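Visitor:
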Amino acid sequence: MCHHKGMKTKTLLSSPQTLQDLQDFMFDTMASTEMAVDWFCDRHDVSATDDVIDFVVDAHFAFFGE
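With the sequence shown counted from 1, adding 136 to any position gets you the working numbering.
What follows is the structure, given as structure tokens:
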């Protein structure tokens, strides 16, 4: 089961739609990085692994120009 969740996360992080959904959320809410990570994990039913946190933080910094 752990392998399955890992593959789900890897596929999720490579999907352009995943990034678009995250950007839409950040645009609508002006969320902090912590809020964005929480939203992402809740929305996609994944754990806040290093890969997930890196993906969300990178997207947040790129979106807000930080």
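Every residue, glycine too, gets a C-beta built ideally from N, C-alpha and C. Here the structure is a predicted model, which means the values were calculated and not measured.
1. Alpha carbon to alpha carbon, what distance is there between Thr185 and Phe191?
2. Taking the beta carbon of Ala198 as the centre, do at least 16 other beta carbons fall within 10 Å, making it buried, or is it exposed?
3. Within the same chain, show all residues whose beta-carbon is closer than 7 Å to that of His196, passing over the 5 residues directly before and after it, in chain order.
4. Does DSSP put Glu170 in a helix, a strand or coil?
5. Taking the continuous alpha helix (DSSP H) assigned at Ala184, which residues delimit it?
6. Could you check what DSSP says for Gly142 in three-state terms: helix, strand or coil?
Guide: A quick look at the data gives this:
1. Mapped onto the sequence shown, residue 191 falls at position 55. Mapped onto the sequence shown, residue 185 falls at position 49. Straight-line Cα distance between these residues: approximately 10 Å.
2. The residue labelled residue 198 in the question sits at position 62 within the sequence shown. That one is exposed.
3. Taking the first residue of the sequence shown as 1, we reach residue 196 at position 60. For His196, where only same-chain residues beyond five positions count, the Cβ hits under 7 Å are Met162, Thr169 and Ala172.
4. Reading the sequence shown from its first residue, position 34 is the one you call residue 170. Of the three classes helix, strand and coil, the one that applies to Glu170 here is helix, per DSSP.
5. Stepping through the sequence shown from its first residue, residue 184 is reached at position 48. Segment: none, Ala184 is in no alpha helix (DSSP H) and carries neither H nor E.
6. Counting from 1 along the sequence shown, the entry for residue 142 is found at position 6. Here Gly142 sits in helix by DSSP.
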